[in-house]
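One line per chain: the protein sequences are B and Y, in this order.
Residues in the first sequence are numbered from 1 upward in steps of one, following our numbering.
Residues in the second sequence are numbered from 307 upward in steps of one, following our numbering.
Ideal Cβ placement from N, Cα and C applies to all residues, glycine included.
These numbers come from a predicted model, not from an experiment.
Worksheet: one structure, shown below.
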Amino acid sequence: MAIAISVRQVAKRYGAVEALAGVDLTVQQGEFFGLLGPNGAGKTTLISALAGLVRPDRGHIEVMGCDVVDDYRNARRLLGVVPQELVFDPFFTVRETLRIQSGYYGIGANEDWIEEILANLDLLGKADTNMRALSGGMKRRVLVAQALVHRPPVIVLDEPTAGVDVELRRTLWQFIRRLNRDGHTIVLTTHYLEEAESLCGRIAMLRGGRVVALDSTANLLRRFSSHVLKFRLGPGPGLPAELLRRATQNEGAWSLIFDGCGDIESVLAQLRQAGCEVEDLEVGKPELEEVFIRVMRDAAEAAPQP
Amino acid sequence: MIGFKTLFYKEVLRFWKVGTQTVAAPILTALLYLLIFSHVLESHVRVYGSVAYTAFLIPGLVMMSVLQNAFANSSSSLIQSKVTGNIIFVLLPPISYREFFAAYVMASIVRGLVVGVGVLVATFWFTPMGFDNPLWIIAFAVIGGGVLGSLGVIAGIWADKFDQLAAFQNFLIMPLTFLSGVFYSVHSLPPFWQQVSRFNPVFYLIDGFRYGFFGVSDVSPWQSLAVACACLAVLTMLTLALLKRGYKLRS
């Protein structure tokens, strides 16, 4: 598999703030890659460096083998970026915006592809409307369309669903998933962890300008999160001592961490032997949110104190 | 090349779409100046011995409009794009800093020329005008538009807020253009102010431009041309250096 994005030892400092502190990342072609982290973790700075909007103090970034500084023309042609801010040029209609954006990438006649993007993003009805007259959701779609006019093999979406309604979020993801199936590499930053969990094959977590976790989504879930057995006890004997050590209680409900499905049976057997009456039994699945919180907490503890 | 052409086209389309504000308004302003000053001074002032004041004033107003609008075009386009954030659409594509410069400055020249021609046409019936040497007229209009268009790029990139740009315009561009001999021949000034005027590059732009109409001017048109070209060269190099560094555009 060829490499879509290669980030090597990239650092960027703004005055006293270390936005990126030596980031290393590799994204393979065809991946759906998630970039997660709290506000100020360096996600947007990293994306900006990738797009040539920010010049790193040191390190190198390549898009499909093209250095974003030395070979910026090719690197930028290979990259489509959907910015986080809802920006637009108020002078033009949707179609004009897309034609102009095509021209910036050196594409003179692009009508067929523009029509196709407009149709896919449900924008045909608004094609000749001025950007100013569009709703926020519609403007967001145009931003996605603008990032795609030059058919980039690598697409970066910086929090594309912030403040977007459920319907648009769904159509947007359907479209992005299709692009990914067609071979496009997708890099996504989002605050919605369930989105990242369902979409991304691999995830990097950033904190304080550093990569603090980088693995496949499945591995991250396995490593940092676990299945939880939740139940309440009816009247009768309490929790046996050996289970008590592993359990936590919250408003009368017990939570018990277990490793695999085989473990459930032994837990239940122990409860039965102790004569406990189990009510409201529930098995909780591992969640990316839990992984995220644990990784961030561990990183905070590991970080050198200022 | 398509990238440059598109950016140039977009910049022209941008001002054309708001033509009342970017073309009609400055033409009206120039007309008002002409009405007032020619009414007050026509019977009192003759310039270069034989030229009537209204005829003298018209080329000055035309050139002032060219210069001010060339500056306004690049500077206001850039500051708007920066403040609203849509400058990103120009920064993401593979457009080189040279193409960026050429597109913004050439669109500024076009805006200056459109307004200049507009002022000329609108003032045409005030007094018969001679076009002694049209090549000088065109050369100074284009070079002057380029000088102020470059300056507009610098101001637009430098300013973070609209009021900073307004300060640049009010405290630099306006005094330079108003005190450049648009409304008077510098020979009518006291010797000290004549000397001061010669340090104002805009004076040479106006004077050379006017030479194209009358074949007479305060200084030799060749000297004016040399100053104008030198200004354009220096500003072009400065602007290109800033753009290459990504000054305030790519952090």
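Could you give the residue range of the beta strand (DSSP E) that holds residue i?
i, result
"residue 254/B", "253-258"
"residue 205/B", "202-207"
"residue 142/B", "Taken as a continuous stretch (DSSP letters only), residue 142/B belongs to no beta strand (DSSP E), being part of the alpha helix (DSSP H) at 136-148."
"residue 232/B", "227-233"
"residue 281/B", "278-284"
"residue 37/B", "Premise fails: residue 37/B is in no beta strand (DSSP E) and is neither H nor E."
"residue 81/B", "79-82"
Name the chain Y residues that come within less than 8 Å of residue i, Cβ to Cβ?
i, result
"residue 76/B", "398, 399 and 400"
"residue 132/B", "By Cβ distance, chain Y contributes nothing, its closest Cβ being about 11 Å from residue 132/B, past 8 Å."
"residue 146/B", "395"
Nearest chain B C-beta to residue i closer than 9 Å, yes or no?
i, result
"residue 328/Y", "no"
"residue 316/Y", "yes"
"residue 311/Y", "yes"
"residue 307/Y", "yes"
"residue 392/Y", "yes"
"residue 319/Y", "yes"
"residue 504/Y", "no"
"residue 378/Y", "no"
"residue 494/Y", "no"
"residue 371/Y", "no"
"residue 382/Y", "no"
"residue 414/Y", "no"
"residue 387/Y", "yes"
Can you tell me where the alpha helix (DSSP H) holding residue i begins and where it ends?
i, result
"residue 415/Y", "403-428"
"residue 512/Y", "507-520"
"residue 92/B", "First-last for residue 92/B: undefined, no H or E at that position."
"residue 216/B", "It is not in any alpha helix (DSSP H) - residue 216/B instead sits in the beta strand (DSSP E) that spans 210-216."
"residue 155/B", "Element bounds for residue 155/B: not the alpha helix (DSSP H) but the beta strand (DSSP E), 154-158."
"residue 397/Y", "394-397"
"residue 441/Y", "440-464"
"residue 372/Y", "359-390"
"residue 339/Y", "331-347"
"residue 435/Y", "Premise fails: residue 435/Y is in no alpha helix (DSSP H) and is neither H nor E."
"residue 550/Y", "527-551"
"residue 194/B", "193-199"
"residue 489/Y", "Counting along the chain, residue 489/Y falls outside any alpha helix (DSSP H), and DSSP gives it neither H nor E."
Residue i and residue j look like a contact to me (Cβ under 8 Å); what is the Cβ gap, rounded to whole Å?
i, j, result
"residue 372/Y", "residue 419/Y", "7 Å"
"residue 367/Y", "residue 508/Y", "No, residue 367/Y and residue 508/Y are not in contact; Cβ-Cβ is about 14 Å, not under 8 Å."
"residue 517/Y", "residue 534/Y", "Wrong, their Cβ atoms sit about 12 Å apart, outside the cutoff."
"residue 410/Y", "residue 317/Y", "6 Å"
"residue 173/B", "residue 199/B", "7 Å"
"residue 267/B", "residue 239/B", "Not really, about 11 Å apart at Cβ, beyond 8 Å."
Closer than 7 Å by beta-carbon distance: list the chain B residues that pair up with residue i, in chain order.
i, result
"residue 486/Y", "Those within 7 Å of residue 486/Y in chain B number zero; the least Cβ separation is about 32 Å."
"residue 463/Y", "In chain order: nothing, as chain B lies at least about 15 Å away."
"residue 323/Y", "91"
Which chain Y residues are close to residue i, counting only those with a beta carbon under 7 Å from its beta carbon?
i, result
"residue 108/B", "308"
"residue 100/B", "312 and 316"
"residue 85/B", "391"
"residue 73/B", "400"
"residue 88/B", "392"
From the DSSP output, read off the bridge partner residues of residue i.
i, result
"residue 8/B", "60/B"
"residue 32/B", "186/B"
"residue 310/Y", "Per DSSP, none; premise fails for residue 310/Y."
"residue 248/B", "255/B"
"residue 73/B", "Bridge partners of residue 73/B: none, in fact."
"residue 130/B", "93/B"
"residue 13/B", "18/B"
"residue 352/Y", "358/Y"
"residue 3/B", "28/B"
"residue 23/B", "10/B"
State yes or no: is the beta carbon of residue i nearer than 9 Å to at least one beta carbon in chain Y?
i, result
"residue 51/B", "yes"
"residue 123/B", "no"
"residue 81/B", "yes"
"residue 96/B", "yes"
"residue 163/B", "no"
"residue 48/B", "yes"
"residue 103/B", "yes"
"residue 184/B", "no"
"residue 60/B", "no"
"residue 227/B", "no"
"residue 306/B", "Unreliable placement is indicated for residue 306/B, whose pLDDT of 48 sits below 50; no coordinate value is reported for it."
Using a cut-off of 8 Å between C-beta atoms, extract the partners of residue i located in chain B.
i, result
"residue 552/Y", "55"
"residue 556/Y", "52, 53, 54 and 55"
Applying a beta-carbon distance threshold of less than 9 Å, which residues of chain Y neighbour residue i?
i, result
"residue 192/B", "Per Cβ cutoff of 9 Å: no residues; residue 192/B is ~23 Å from chain Y at best."
Using a C-beta cutoff of 9 Å, does residue i count as contacting chain C?
i, result
"residue 156/B", "In the displayed structure, chain C is absent; the protein chains listed are B and Y."
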